[in-house]
Amino acid sequence: MSNTTAQFVRTAYRDSASDQTAKRIMWLYIGSGLTLVGVMVVVGLGMRMAQGGMHTFQPGLFYSLMTLHGSAMMVGMALCGMGLLWYLFTQEGPLNPTTAIVACALILVGAVLVAISALVGGFGAAWTFLYPLPFVGTYWPSWATGVFLAGIACVVLGWTIWCLQMLGGVLTRYGGLRGAFAWDLVWSPKKFAATGQKPPPPQAFAVLVSAVDGLLAGSAGMLVGVALFARWLNPALPLDPLWVKNLTYIFGHTLANLTIYMPLAAVYVALPRYTHHRHWHTSAVLAVAWWATLAFVAIAYFHHLYMDFAQPRAVQYIGEAASYLAAFPPAVVTVFGGALLVYRSGFRWTLGSMFLYVGMIGWVVGGIGALLDVTVAFNIYFHNTLWVVAHFHTYLLEGALLFVLGWVFYCLEERSGATSSRAVRTLVSLGVFGGGAWLLLGWYLAGAQGVPRRYALQPAPGMEIGWWASLGGIILVVGLIMCGIEAIRLARRPAHREVSAA
Amino acid sequence: MLAAVAIGTLVAVARTAQGPAVEQATIQNPGYRLRSIWFRGLAVVAVIGFLLSLPAFPYYTRSQLASSQHYPVTALQFAFAMPAVLPIDTPIVLDVTATDVNHGVGIYDPDGRIVAQVQAMPGYTNSLSLMLKKPGQYVVLCLEYCGIAHHLMRAGFEVR
Chain A
1 MSNTTAQFVR TAYRDSASDQ TAKRIMWLYI GSGLTLVGVM VVVGLGMRMA
51 QGGMHTFQPG LFYSLMTLHG SAMMVGMALC GMGLLWYLFT QEGPLNPTTA
101 IVACALILVG AVLVAISALV GGFGAAWTFL YPLPFVGTYW PSWATGVFLA
151 GIACVVLGWT IWCLQMLGGV LTRYGGLRGA FAWDLVWSPK KFAATGQKPP
201 PPQAFAVLVS AVDGLLAGSA GMLVGVALFA RWLNPALPLD PLWVKNLTYI
251 FGHTLANLTI YMPLAAVYVA LPRYTHHRHW HTSAVLAVAW WATLAFVAIA
301 YFHHLYMDFA QPRAVQYIGE AASYLAAFPP AVVTVFGGAL LVYRSGFRWT
351 LGSMFLYVGM IGWVVGGIGA LLDVTVAFNI YFHNTLWVVA HFHTYLLEGA
401 LLFVLGWVFY CLEERSGATS SRAVRTLVSL GVFGGGAWLL LGWYLAGAQG
451 VPRRYALQPA PGMEIGWWAS LGGIILVVGL IMCGIEAIRL ARRPAHREVS
501 AA
Chain B
1 MLAAVAIGTL VAVARTAQGP AVEQATIQNP GYRLRSIWFR GLAVVAVIGF
51 LLSLPAFPYY TRSQLASSQH YPVTALQFAF AMPAVLPIDT PIVLDVTATD
101 VNHGVGIYDP DGRIVAQVQA MPGYTNSLSL MLKKPGQYVV LCLEYCGIAH
151 HLMRAGFEVR
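Chains A and B, in that order, give the protein sequences. Each residue of the first sequence is one higher than the last, beginning at 1 in the working numbering. Each residue of the second sequence is one higher than the last, beginning at 1 in the working numbering.
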């Protein structure tokens with residue numbers, strides 16, 4: 001087993017039949033995920049333009065599109081991370097391809113059901129579908145609620161299967177929880193070194209944490225889904241709205257967080273490949289950082305309920321503390337480690353490496369916005385304003401998505417042995433980073449002024465800011481289209497055999 | 001400002017990467033020492049930030065509840081039932097609930113600045129303790145998505 005990322009990658013481009021299968025499955029996940037994300041970016045831009053007064057959506061259509069946008073964007077980003085981790089893990093140990101295909105198929109069926117519910121049925125309870133909203137005062141037929149819940153159930157089922165498969169793989173490969181967590185490396189380093197064993201590579205921790213926290217989120221999602229489904233079948237069934245709200249946010253917040261942590265594995269694996277002989281190895285500090293991530297991501301969701309004063313007081317304090325602590329592993333270990341890796345490394349700038357590095361910047365900036373929002377004293381002013389939209393779009397659009405694009409271009413560059421021209425890199429930078437920053441700035445500015453989120457028509461100064469921000473969104477979409485064209489150009493080039501055989 | 005510092009630092013690091021490469025072993029130990037300082041500094045900032053934030057938590061105390069005037073606020077699709085006038089410079093508590101779905105009560109002062117908010121949930125009463133210091137007409141907007149006319153759900157009250 002290899003203990004460093006660079007060694008790991010040297011074996012990553014085999015041409016064996018099993019590796020070809022693994023790659024096909026990775027591209028199935030990432031391809032379908034990026035397709036969903038791409039369509040949802042366009043839908044999101046359409047909504048932002050409507051908020052900016054550039055055109056009109058009827059409120060019912062706006063809220064149905066908003067529901068679709070939120071749900072499908074999460075599913076799309078999750079699919080990308082899942083495919084990436086699945087492929088990386090196959091380089092360490094065997095995974096059953098059929099199980100992965102079944103999980104992906106279930107998630108895609110779920111996405112189709114959600115789309116039917118929103119676009120045909122007009123379902124518009126937002127991705128949060130906060131009980132009792134899906135059932136009370138609706139402007140959509142009851143069947144649309146049922147189809148939406150069935151869609152979410154399919155997504156959760158597929159996600160759970162994936163988590164179980166990955167968890168099983170990690171535990172088998174590294175000798176149970178003790179090995180997978182690198183317990184001995186942390187607590188008995190000398191003894192561990194004397195055994196000659198190697199700890200799991202950094203990306204294995206992303207697999208482990210995604211699987212464990214993912215199962216927690218999936219269980220909460222399944223529980224709330226079953227409860228709502230029962231309520232749909234029997235309208236007399238009473239549910240506690242606060243209980244449902246807690247479960248909904250354990251599910252949604254944790255899944256949203258994991259969509260960032262999953263593609264982070266691409267940084268561990270691919271970033272060193274652009275440096276001059278540098279490696280990203282597993283240290284005790286890295287292992288402890290991932291333990292902290294496992295714990296704090298699972299309980300940080302409490303910050304979604306700060307404004308529910310009926311929530312037990314203690315968990316509000318835990319929510320703020322856990323949210324602060326969740327920032328330490330990225331700030332102190334991963335982003336710091338990434339910067340140290342790049343520092344004076346003779347780094348090669350390509351589209352792939354640029355996306356990976358700028359993704360870390362986007363993650364940090366979105367994290368700073370989140371830290372303000374999770375501070376209760378500020379949350380009074382920011383909760384459910386466009387500030388929230390700003391920070392999560394920052395680390396999804398300019399963080400997680402860039403990690404995925406970085407991985408895609410890394411694969412394409414390694415396969416073809418070619419990179420993009422400086423002109424293309426400049427244009428893509430202007431579009432994706434410049435347009436993206438412009439778009440995001442609009443949400444931050446409006447949020448700081450208390451403009452509410454999830455409004456089909458926004459009060460002043462929301463509309464004016466929305467108009468200007470939409471221009472940034474258009475530039476971002478142009479940048480992403482250029483990325484797509486460049487990816488196709490690289491993909492059409494013949495494989496670079498020297499790299500494949502390395 | 002924090003974001004600008006973070007972006008500036010990471011861009012500065014990126015700029016060093018284009019020069020001649022140095023061995024990883026050369027920078028590793030100084031890097032780890034810097035990481036240790038960074039970790040401790042961040043921990044101090046986080047602890048101080050957390051402690052400083054505690055007095056600003058908006059959750060009522062028993063004494064606040066007992067010594068304040070209480071006003072009921074009920075949210076429903078797509079309106080608020082609440083008093084038309086609230087007293088200035090007086091400790092008050094809004095007892096907020098909802099009759100149908102989740103709503104949010106976002107209170108904006110006469111200058112359009114949000115001054116407080118709380119969720120309105122069926123079956124629960126969220127007590128929002130506050131003191132309104134500026135006279136004039138306040139606006140209440142719904143801050144939890146609640147259905148097709150969510151963006152139209154608003155109310156107003158006067159503070160005098």
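C-beta atoms are modelled at their ideal positions from N, C-alpha and C, and glycine is treated no differently.
8 Å or more divides the Cβ of Ile88 (chain B) from the Cβ of Val140 (chain B).
Within the region 386 to 419 of chain A, the alpha helix (DSSP H) runs of at least 4 residues that lie entirely inside it are, in chain order, 386 to 395, 401 to 416. Out of A:Asp213, A:Phe347, A:Leu396, A:Gly472, the CA that lies nearest to the CA of Gly19 (chain B) is found in A:Phe347. Per the coordinates, the alpha-carbon of Pro30 (chain B) lies some 24 Å from the alpha-carbon of Ala46 (chain B).
When the Cα atoms are used, Met40 (chain A) and Leu79 (chain A) turn out to be separated by approximately 14 Å. Per DSSP, the continuous alpha helix (DSSP H) segment holding Val428 (chain A) begins and ends at 422 to 428.
Under the 10 Å beta carbon count, Met26 (chain A) is surrounded by 16 or more other beta carbons and is classified as buried. Chain B places no beta carbon closer than 8 Å to that of Val43 (chain A), leaving this residue out of the contacts. Within the region 135 to 152 of chain B, the residues whose Cβ lies closer than 9 Å to some Cβ of chain A are Val139, Leu141, Cys142, Leu143, Glu144, Tyr145, Cys146, Gly147, Ile148, Ala149, His150, His151, Leu152, listed in chain order.
Per DSSP, the unbroken alpha helix (DSSP H) holding Gly8 (chain B) starts and ends at 2 to 16.
Shown here is that no member of the region 75 to 90 of chain A has a Cβ falling below 7 Å from a Cβ of chain B.
Ranked by Cα distance from Ala495 (chain A), the first of A:Thr99, A:Phe62, A:Arg415 is A:Arg415. The contact set of Ala331 (chain A) on chain B, defined by CB atoms closer than 7 Å, consists of Leu42 in chain order.
Looking from the CA of Trp438 (chain A), the closest CA among A:Ala266, A:Trp467, A:His281, A:Gln449 belongs to A:Trp467. Around the beta carbon of Leu51 (chain B), a 10 Å sphere encloses fewer than 16 other beta carbons of the protein chains shown; the residue is thus reported as exposed.
Rounded to whole angstroms, Val13 (chain B) and Arg344 (chain A) show a C-alpha spacing of 8 Å. About 12 Å separates the beta carbon of Leu480 (chain A) from that of Val404 (chain A), a gap too long to meet the 8 Å contact definition.
With a threshold of 8 Å between beta carbons, Ala14 (chain B) makes contact with chain A. Just so you know, the alpha carbons of Leu76 (chain B) and Tyr32 (chain B) end up roughly 56 Å apart. DSSP places Cys163 (chain A) inside the alpha helix (DSSP H), whose first and last residues are 142 to 174. When 7 Å is used as the limit between beta carbons, Asn126 (chain B) is near these residues of chain A: Asp308, Phe309, Ala310, in chain order. Its Cα nearest to that of Ile250 (chain A), the residue A:Ala220 stands out among A:Arg231, A:Ala220, A:Trp187, A:Thr275. It is roughly 23 Å from the alpha-carbon of Met153 (chain B) to the alpha-carbon of Gly46 (chain A). Shortest Cα-Cα distance from Thr9 (chain B) to any of A:Ala103, A:Trp127, A:Ala339 involves A:Ala339.
Counting only runs of 3 or more residues that sit fully inside the region 36 to 75 of chain B, no beta strand (DSSP E) segment turns up. Lys191 (chain A) counts as exposed, since fewer than 16 other beta carbons sit within 10 angstroms of its beta carbon. Residue pairing by DSSP places Thr97 (chain B) opposite B:Thr74 in a beta bridge. When A:Phe378, A:Ala322, A:Leu401, A:Val389 are compared, the shortest CA-CA separation from Ile361 (chain A) is found for A:Leu401. The beta carbons of Pro134 (chain A) and Ala456 (chain A) sit no closer together than 8 Å.
Met307 (chain A) and Asn384 (chain A) have their C-alpha atoms some 10 Å from each other. Taking a C-beta cut-off of 7 Å against chain A, the contacting residues of the region 83 to 102 of chain B are Asp100, Val101, Asn102, listed in chain order. Within chain B, the residues whose beta carbon sits less than 8 Å from that of Thr375 (chain A) are Gly49, Ser53, listed in sequence order.
Distance from the CA atom of Pro200 (chain A) to the CA atom of Gly179 (chain A), rounded to whole angstroms, is 8 Å.
For Ile488 (chain A), no beta strand (DSSP E) segment is defined; the enclosing uninterrupted segment is the alpha helix (DSSP H) at 462 to 492. Remark: C-beta atoms of Asn102 (chain B) and Leu239 (chain A) do not approach each other more closely than 8 Å.
For Ala25 (chain B), same chain residues with a beta-carbon under 8 Å away, outside a window of 5 residues either side, do not exist.
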